[in-house]
Every structure is written in C-alpha cells, then in structure tokens.
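K.L.:
Got a structure for you, written out below as structure tokens; questions coming shortly.
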Amino acid sequence: MINLKPKLSLLLLLIANILFAQLTISGTVKNEKGQPIAGANVILSPSDADITLAYFITKADGKFTLTLKETSHELYEVKVRALNYAFTSDLVNESTSNFDFTLQEKAIELKEVQLKQPAVRKKGDTIAYDVTNFKDIQDRTIADVIKKMPGIEIESSGRILYQGEPINKYYIEGMDLLGGKYALANENLSADAVDKVQILENHQPIKMLDSLVISSKAALNIKLKNKITYSGKAEIGLGVSPLLYQTNITPMLFKKKQQMIGSYQSNNRGEDVTKQMDILSLEDLLNNTERFSNEGWLGISSVQTPHFNEKRWLDNAVQLGTWNHLFKLNKELDLRFNLSYTNDYQKRIGQSTKQYFLPSGNLLLNEQKRNHLQSENLSAKATLLRNSTDNYLQNEIEFRGAWNRSHGYLKRDDELVDQILQKPNQEFANQFKIIKKIGKQLVTIRSSISYKDYQEELSISPGVFIDMINQNQNYQNAFQRIDFNKFSTNNFIEFSKGIQSISVHSKIGFGYLNQTMESNLYADEMRIGNHFTNDVNWSIFNYYWDNRFEYRKGNFRTTLLLPIEMNHLQMKNLVKNEEMNRLFVNPNLFLSYKLSNQWELRSTNTYKQSLGSLSQIHENYILYNYNTIQQRDGKLNERNSWISSIKAEYKNPIKARFINLGYNYSWIENTLLNNYQYNSDASSILQVVEQTNHQLSHNLNAKFSQYFSKLKSTFEVEIFQQWSKNDEYLNNEFIEVNNQITNIKTGVKFRQLSWMTFEYNYSWFNYRSKIMVDPSRKIVNQEHQLGFHFFPADRHYIKLNMDAYINDDSTLNPNSFFGDLMYRYTLKKKKIDFELTAYNLFNEKYFSQNSLSSYYEMRYQYKLRPTQIMLTTRFTF
C-alpha cells in the first residue's frame, strides 16, 4: 500500500505558499455622485519606482482587479486616471484586498497644437507640393513659387519640366483651360489663391485609355483654396529713359462649371509677353505640330541676340490681348474658346565677326546690323470635349493668321545693304476624334485636315550676286517672291482591347499631303530667267498599319510599336514629273521597371525611316538672303535613324529629394549632303550632292534636387555632357567634325531667415570643336546670378540682383556685370504694391559673346538697354 501522506503534505505546503505570495486588489472607481466610471486606467506600481506591475481598464460597472503573482516590495501604489477627472492614488500592502476610489471631476485644458503640413507628400501617382511651405513674402504669382519646388524646373521660355521632362498637361482644378499655353496662368495667377501644386505621374490625358495606354509623362494640376476663385492682377507702370510704360490687366474666374482667363498686356521695357501665347505642354505641342507647319525660305541678316535675361537687351513695344473661356455644359462635356492677338515691334542693333574654317583657307566676315521687326499674330480656336471613363469626343477648329515684316540695315566694309522681308500667312485646321466602346473593345476614329496659304517677299538693295543674276552688271534691287500653299489630311480607325495584363492596339489609316511652291526672282523689276524660277508641286499619299502591344505586370511595363507605312510620292516641276514609292517599318520599344517606391528605370529604343522636308526641294535657284543662294536639285533626302535612351529616376517626396540620371544615343544616316561653296566675300551658294553621311552623338545628363525643410532651402545641381560627330561638305571637300559640350549648373535658394532670403545660380559652359586634323577650338562661358531679398520692416521689401557673365575670349570684352535694385511697399489690406525699380545699375552699354559651330566661329556685340528707372503700381486680387 502506497503512503500518500508525505506527498499530500507537500502539495498543501506549495498551495499555501502560492496563496501567500500572490497579491490581489479589487475595487470600484466611482465619481462623486456614486456612479461607476468606465474607461478609467488603474495601475499598480512599487511605491518607490515609476514601474507598471499590473494595470486594468474599468468597464461600465467601474470595477477593477489587479493581480500580482509575486510580491517583492513591502508597499505598493495604486494610481487611477480618467478623462475629465482629477488624478488620484493610494498606498497598499500585501494585506490589502479591497479598495474603492472616488474621483473628482476636473476639466482638462489642452495646449494649442499647430499642425504643419509636410512640404511634399505622395499618394499613389500624385505628388502634392504645399504652396505655404514654399511661398515667401515677395512672391506674387504661382510661377514664383513653383520655381522653388524640388524636382520641378521652369525654363526661360516658361516651359515646365518635371524630373527633366516636359509636362504633358497643365490643369487648373482638373480642367485644361488654356490648351497648352499655360504660361499665361503661371505668370499671372496669384500664389495666394493656390493651395497645392500637384504632379500627376504616369498621366494619361484620355480617361478611357488610362488602363490601356501606358504613359511615362507627368501632368501638373493647380489646386485652389476656394471652390469659387476670383483672381488675377492689374498693374500699370511708368519710367525713364526713354519714356517707359507697362500695363497688365488679367482677370481670372474659376468655378465648378466654368473657368476664364482674360488679359491685356503692353510694355516697352523689354518684357516679351508674347511667350505667354506659346504652346508648351507636350501633348498639345505634338497635336499642333501635326496640323500646323513652319515652312520658311527667305530671311534678312539678323542680329544675334544674347542668351540671357531679355529685359536687359530687348528693345520692344508689344501689345497682347487674349480671352480664354471654358464652360462645362454638363458633368462630362466641355466647350472651350481661346482667342489671342499680339502686335510686337522690336529693334535690334549689333555687330558680328564670323570666321569660317574651310579646307581651302579661312574667311572673315564683318557686319554691322540694325533690325526692325514687326509681327502681328491672330489665333482663334474652339474645342468641344467629352472626356469620361466611358466616352471620349473631341472636335477642335482653329484659325491662325500672321502678318510679319522685317527691315534690316547692314554695313559690310564700305557697302550698305537694305533688306525688307514680308511674310503674310493664314492657316486653318480641324481635328475630330471619338472613342467608343463596342463589345469588349474600344474603337477610335480620328480625322484631321489643315490648309495653309503663305507668301514671302524679300527685297534687297543694292542688287547682289551680279555675276549670277544680272550678267555682271550692277543693279539697284533684287526682289525674291515665294508663293506657297499646302493641304493635308490624316485619318484612321483604331481598335483597342485589354486581355488581362496585355493591351493590343491596331490602327489602320491614310494620309494625303499636297504642296505647291512658286518662286520668281526680279532684278530691277525684270524677271530673271528660268534658272531662278521654280514651280513645284509635291504630293504624298501614305497608308499605314500600326500595331502597339502593351504589357503590365507588377512593377514592369513595356510597350512595343510596329508601324508599317507605305508612301507614294509624286513631284512635278517645269521640266519633269517623278514618282517614287517607299515602304517604312519603324519599330519602337519602351521598357519601364520600378525597382522600389523611390527608384524607377526607363528605356526607349527607336528605329525610324523618314523622308526629308518636301518644301526644301527646288530644282532651280532661290535667293535666300543677301549673301546666300540655294539650289536643292529636286532631290529628296532619305533618312535612317536609331535613337536609344535609358533613364533612372529617384523620387522621395518625404525627404523632398529628386534625382534623375540619363544616357542618350543617336545615329542618323542621310542620303544627301549640303555642299556650301564659299566665295572670297563669304557669300555662299548651296547645292545638294548625293553623298551618304552620318551624324553620331552620345549624351549624359544628371540632376539632383533637394529641399531642406528645416532650412527652408532648395539645392540643385545639373550636369550635361555631349560628344558628337558629323560629316560636312565644304567647297567640294568632304570633312569630319567632332564636337564636345560640357555644361554644369548649380543653384541654391535659401529661405531660413525672416529678414532676408537669397538665391544663387551658377553655370559653366564649355564647347570644343575639331575639324579633321586641325587643332581643336573651344569657348568657355560662365554665368553667376545672385539675388538678395530683404525685409527690413513689415510691408517693406528690397530686392537686389547681381549678374556676371564671363568669357575666356581675349578678343572680346571678357566680362559683363549687371545690377538691378527694387523697393516695394505693400498695402496689405488692399493688396496693392508700389514698386520703384532701377535696371542696369552699372549702365552696361554692350554685351559681347562668342559662339561656335561645326566650321565657323562667331563673335558678336549687342546693344543693351541703358540704365532705366520705373515706378509700378500693382493690385492683386
């Protein structure tokens, strides 16, 4: 028989020990009215240390139980906390088992907390820049603010780049009011009216194609603070010397169902406001290029203009008027009107020395020039657009008219040459596009037509090229006239279908182009013989079958284009009628892989076969300008090209850091080569020779942009390197030219101090050129731009700009220094600015610079605007 007494005694001893060592405290938490308190935190801690040994959160009955398995302290503290009640605590020991608490009510005073939004945020494919974080006291327009945002760049033309690439659309509250002419809004929309600037990455403008057609481009969207926004500005300014004026009245309206921007601007102080009418967004620019062309033959000897701030050199008198209105007829249908007119007069004075490096020896050409340029441009466009996820319709009709006149005076040695050029031009275009869903596929139908009527008339006195034109006899006036008209149409139907991760697009279409050009040359009103007469008609009919395959899987995207195009060309002139057929296959491969949330790799590879410009074909001679005659021999250049690029992008909105690295390769083969025959006086006769030639280039570029939120500062650095090689034909000799370009840019915008901010930009440019075994030639230019912004007191602002341009050419005035000073007083409540500005403080009268081409170097000097003072009043609303 087993004896259980020893084991039973041991078990009872262990149970007694456990019960004795364990501490259990229970109770109830109530208010002063005896009501239980739910959600109270009851904590058990040693009396001599702030350590949590056990805790309990009361429920609706207010009861709690605290259990401590092992006791190692003689005294413990029970703490009780509850919202809207005063804190209380009490001491307990091992003998305590039941404990109730009564809490007194107490209002809790919360400290004021100011939440600051991050400067840059990312959600999906949208990166949002908070305007408040980037706006300074002196900023007036949204362009002033966007310039400081990391990853975004505004070029001198007004074009916006994101990660080094142009944006494909510019929206205000998701609406495209301006059709690509967004500089008008950017330069006039008040920064105070804007809440955020959004970058829409991988943006597909057509909503129906968003999941089918891959886009690697970004769009920009302006988010306003208010649902209904009245904005804009009105300013007027007067100054001396000579008498200066400036006017800008630009009202804006942004509502849910309509948007409007109207503007009248005029000035003679050197601001080129016509740039606000340029199409800048990539999508609209591509559509514009297809419908409108930019042919041109004749010209005057123009003054080379400096490549820096136009306000220092542009002598102008310009007027601009525009009205842009968008109506939302319903939730999906928009009607937009865009009307603009510009009248611009410019005067340019300068002189140049051009040195030609020819196989037969060097030539030198010295010219003193004065140009008077007058241009009038009218544009009217109406657009009907339905852009929804299940329906797309667009019809755009546009008229453009231009009436341009140039008058040039030139002195060469002891010879005076007078040149007058007139170029009236009218163009009309219409584009229709519709996308419908039929079954499980999308069907796109598009049709565009355009017509152009264009003339050029060039008058030169005294007569030139007397040996070729007037049998070696002097004559008073050479008059060259060209009449040109053009009709084109392009039509296609496209079928699109998505199959899981793959989308397939097949396009079938045809195009037709017909051009007619007549040219005649007169010497003292007598028409020259047939060798200076052209009557050419070109026509090209092409039909094509384009296939595009797109694949998306996770972080990988690819697009393969396989366009097949058959071209039938016909050319008729005074003596012959020729036809030719060409079949082109132009594949294109796009690859994209997202390595992480920050890094993305992209690559594009394109092979293209194409024909040269039909407008450049003429069997007989044309007098292009006072010292150039060209004959194109009726031959059409056939071109093969291979272009490849690879790009790495890094985006970290949280750290406000943006990086892009890129490499581009280009190889081009042409069947024709220009042969320039230079005479001893540097006049030239161009003829085209059938000679296979090549152009080769390699480009490397890198850009880094970082915003430091604690310093409220942006730092940027950009590097560009290019190596290129091309073939030239000069004076019947075949030569090879090698070029190398290095450009380094860096900039910083410092905004930490409340009483002062500044920005500094530096650029170093190096160009080298080498012909065959000749020694290489180079130019080196440097630019320093420094701007200080001082805020000495409330409502007072002082700006000082200092620019330096340095050239290493000892034959030129090597350095130029400029300074501008501006004082502004602001009436805050009325949003009125009074500005007093002095331009060109050091009264620099001329600017000298040099430029380098494949086989010549030009040194030029340009007359600048003198020291000027201007008083401006501006009202922002």
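In mature numbering (1 follows the signal peptide of the UniProt record, and there is no 0), the protein residues as written are -21 to -1, 1 to 856.
Ideal placement from N, C-alpha and C gives every residue a C-beta, glycine not left out.
1) Less than 6 Å between C-beta atoms, sequence neighbours within five positions excluded: which residues of the same chain meet that for Asp612?
2) Answer yes if the segment 644 to 651 comes into contact with the segment 611 to 625, meaning at least three C-beta pairs across the two stretches below 8 Å, and no otherwise.
3) Let me know the secondary structure DSSP gives Leu188 once reduced to three states.
4) Of the choices Asn322, Trp302, Thr284 and Ser272, whose alpha-carbon is the least far from that of Asn247?
5) Under 7 Å: does the beta carbon of Ser135 sit that close to some heavy atom of the ligand FMN?
6) Tell me whether the segment 509 to 517 and the segment 549 to 557 touch, counting them as touching only if at least three CB pairs, one residue from each stretch, are closer than 8 Å.
7) Hey, could you find the ends of the alpha helix (DSSP H) Ile445 is sitting in?
8) Buried or exposed: His768, going by 16 or more other Cβ atoms within 10 Å of its Cβ?
9) Since I believe Arg844 is in contact with residue 924 (beta carbons under 8 Å), could you give me their beta-carbon distance rounded to a whole number of angstroms?
10) Can you find the residues in the same chain that come closer than 6 Å, C-beta to C-beta, to Gln238, ignoring five residues on each side of it along the sequence?
11) For Arg349 and Tyr388, which I take to be in contact (beta-carbon distance under 8 Å), what is that distance rounded to the nearest angstrom?
12) Just to confirm the assignment, what range does the alpha helix (DSSP H) spanning Ile121 have?
13) Which residues does DSSP list as the beta-bridge partners of Pro230?
14) Ignore the nearest five residues each way along the sequence and tell me which others in Leu363's own chain have a CB closer than 6 Å to its CB.
15) DSSP on Lys809, reduced to helix/strand/coil?
16) Less than 8 Å between the beta carbons of Ile201 and Glu152, yes or no?
17) Kindly indicate the opening and closing residues of the beta strand (DSSP E) around Leu344.
18) Answer yes or no: do Glu529 and Asn513 have a C-beta to C-beta separation smaller than 8 Å?
19) Tell me the start and end of each unbroken beta strand (DSSP E) in the segment 654 to 691 that is at least 3 residues and wholly inside, in chain order.
20) Going by CA-CA distance only, name the one from Leu651, Thr46 and Glu697 that's closest to Ser24.
21) The alpha helix (DSSP H) spanning Arg270 covers which residue range?
22) Just the C-alpha distance for Arg853 and Gln330, rounded to the nearest angstrom, thanks.
23) Go ahead and label Trp734 buried or exposed: buried means 16 or more other beta carbons lie within 10 angstroms of its beta carbon, across all protein chains shown.
24) Roughly how far, in whole angstroms, is the beta-carbon of Val696 from the beta-carbon of Ser748, given that I think they are within contact range, below 8 Å?
25) Do you know offhand how far Gln766's Cα is from Leu850's?
26) Using the Cα positions of Leu318 and Pro403, report the straight-line distance between them to the nearest angstrom.
27) Would Leu179 pass as a contact of Thr105 if the rule is Cβ separation under 8 Å?
28) Taking Asp257 as the reference, give the member of Gly278, Ser220 and Ala162 with the closest Cα.
29) Sorted by chain position, which residues of the same chain lie with C-beta nearer than 8 Å to Gln656's C-beta, five sequence neighbours on each side aside?
30) Tell me the DSSP secondary structure of Ser281 in three-state form.
31) By Cβ distance below 6 Å, which residues in the same chain neighbour Pro15 in space, the five residues on each side in sequence not counted?
32) Please specify which runs of the beta strand (DSSP E), each continuous and at least 3 residues long, are wholly inside the segment 530 to 578, giving them in chain order.
33) Indicate the three-state DSSP secondary structure (helix, strand or coil) for Val727 in the structure shown.
34) Which of the three DSSP states is assigned to Asn77 in this structure?
35) If contact is defined by three or more beta carbon pairs under 8 Å, each pair taking one atom from either stretch, is the segment 787 to 801 in contact with the segment 672 to 686?
36) Taking the straight line between their C-alpha atoms, what separation do you get for Asp446 and Glu648?
P.N.:
Let me spell this out:
1) What you label residue 612 is simply residue 633 of the sequence shown in a count that begins at 1. Here the set comprises Val667.
2) yes
3) Walking along the sequence shown from the start, residue 188 turns up at place 209. DSSP places Leu188 in helix when its eight states are reduced to three.
4) Numbered from 1 along the sequence shown, position 268 holds the residue referred to as residue 247. Comparing Cα-Cα distances from Asn247 to each of Asn322, Trp302, Thr284 and Ser272, the minimum goes to Asn322.
5) As for the ligand FMN, it is missing from this structure, which has no ligand bound.
6) yes
7) For this step, residue 445 is matched to residue 466 along the sequence shown. Ile445 -> alpha helix (DSSP H) spans Ile445 to Ile448.
8) Here residue 768 is taken as the residue at index 789 of the sequence shown, counted from 1. When all chains shown are included, His768 counts as buried.
9) Residue 924 is absent from the model: the chain starts at -21 and stops at 856.
10) Mapped onto the sequence shown, residue 238 falls at position 259. Hits under 6 Å: Met154, Leu156 and Leu305.
11) One-based indexing of the sequence shown puts residue 349 at position 370. One-based indexing of the sequence shown puts residue 388 at position 409. Contact flag correct, Cβ pair sits at about 4 Å.
12) Taking the first residue of the sequence shown as position 1, residue 121 is located at position 142. Note, Ile121: alpha helix (DSSP H), Ile121 to Ile125.
13) As a position in the sequence shown, residue 230 is number 251, starting the count at 1. DSSP lists Gly211 as partners of Pro230.
14) Taking the sequence shown and counting its residues from 1, one reaches residue 363 at position 384. Taken in chain order, the residues that qualify are Leu314 and Asn374.
15) If you number the sequence shown from 1, residue 809 lands on position 830. Coil, per DSSP.
16) Working through the sequence shown from its first residue, we reach residue 201 at position 222. Working through the sequence shown from its first residue, we reach residue 152 at position 173. Their beta carbons are under 8 Å apart, which means Ile201 touches Glu152 by this criterion.
17) Here residue 344 refers to the residue found at position 365 when the sequence shown is read from its first residue. Looking at the DSSP string, the run of the beta strand (DSSP E) that includes Leu344 is Gly340 to Asn366.
18) The residue you call residue 529 lines up with position 550 of the sequence shown. The residue you call residue 513 lines up with position 534 of the sequence shown. No; because the gap between Cβ atoms is not below 8 Å, this pair is not in contact.
19) 663 to 687
20) One-based indexing of the sequence shown puts residue 24 at position 45. With distances taken between Cα atoms, Ser24 lies closest to Thr46.
21) Translated into positions along the sequence shown, residue 270 becomes position 291. First-last of the alpha helix (DSSP H) with Arg270: Leu261 to Arg270.
22) Translated into the one-based positions of the sequence shown, residue 853 becomes position 874. Translated into the one-based positions of the sequence shown, residue 330 becomes position 351. Spanning the two alpha carbons is a distance of roughly 38 Å.
23) Taking the sequence shown and counting its residues from 1, the one referred to as residue 734 is at position 755. Its Cβ having fewer than 16 others within 10 Å, Trp734 is exposed.
24) Mapped onto the sequence shown, residue 696 falls at position 717. Mapped onto the sequence shown, residue 748 falls at position 769. Going by Cβ atoms, the distance from Val696 to Ser748 rounds to 26 Å, so no, they are not a contact pair.
25) The count along the sequence shown starts at 1 and reaches residue 766 at position 787. The count along the sequence shown starts at 1 and reaches residue 850 at position 871. It should be noted that the sequence gives Gly, not Gln, for residue 766. Each residue's alpha carbon lies about 20 Å from the other.
26) Numbered from 1 along the sequence shown, position 339 holds the residue referred to as residue 318. Numbered from 1 along the sequence shown, position 424 holds the residue referred to as residue 403. Their backbone Cα atoms lie some 19 Å apart in a straight line.
27) On the sequence shown, position 200 is the one that residue 179 refers to. On the sequence shown, position 126 is the one that residue 105 refers to. Contact flag set, yes.
28) Indexing the sequence shown from 1 puts residue 257 at position 278. The shortest Cα separation from Asp257 among Gly278, Ser220 and Ala162 belongs to Ala162.
29) Along the sequence shown, one-based indexing puts residue 656 at 677. If we look at Gln656 and ignore the five residues flanking it on each side, its Cβ neighbours are Ser663, Ile664, Leu665, Gln666, Asn710 and Asn711.
30) Taking the first residue of the sequence shown as 1, we reach residue 281 at position 302. The answer is coil: DSSP assigns Ser281 none of H, G, I, E or B.
31) Within the sequence shown, residue 15 is the residue found at index 36, counting from 1. Hits under 6 Å: Lys9, Asp40 and Gly41.
32) 535 to 551, 556 to 564 and 567 to 573
33) For the purposes of this step, residue 727 is identified with residue 748 of the sequence shown, where counting begins at 1. In the structure shown, Val727 sits in a strand (DSSP, three-state: E or B).
34) Counting from one through the sequence shown, the residue named residue 77 turns up at place 98. In this structure, Asn77 counts as strand in the three-state DSSP scheme.
35) no
36) Working through the sequence shown from its first residue, we reach residue 446 at position 467. Working through the sequence shown from its first residue, we reach residue 648 at position 669. Their backbone Cα atoms lie some 36 Å apart in a straight line.
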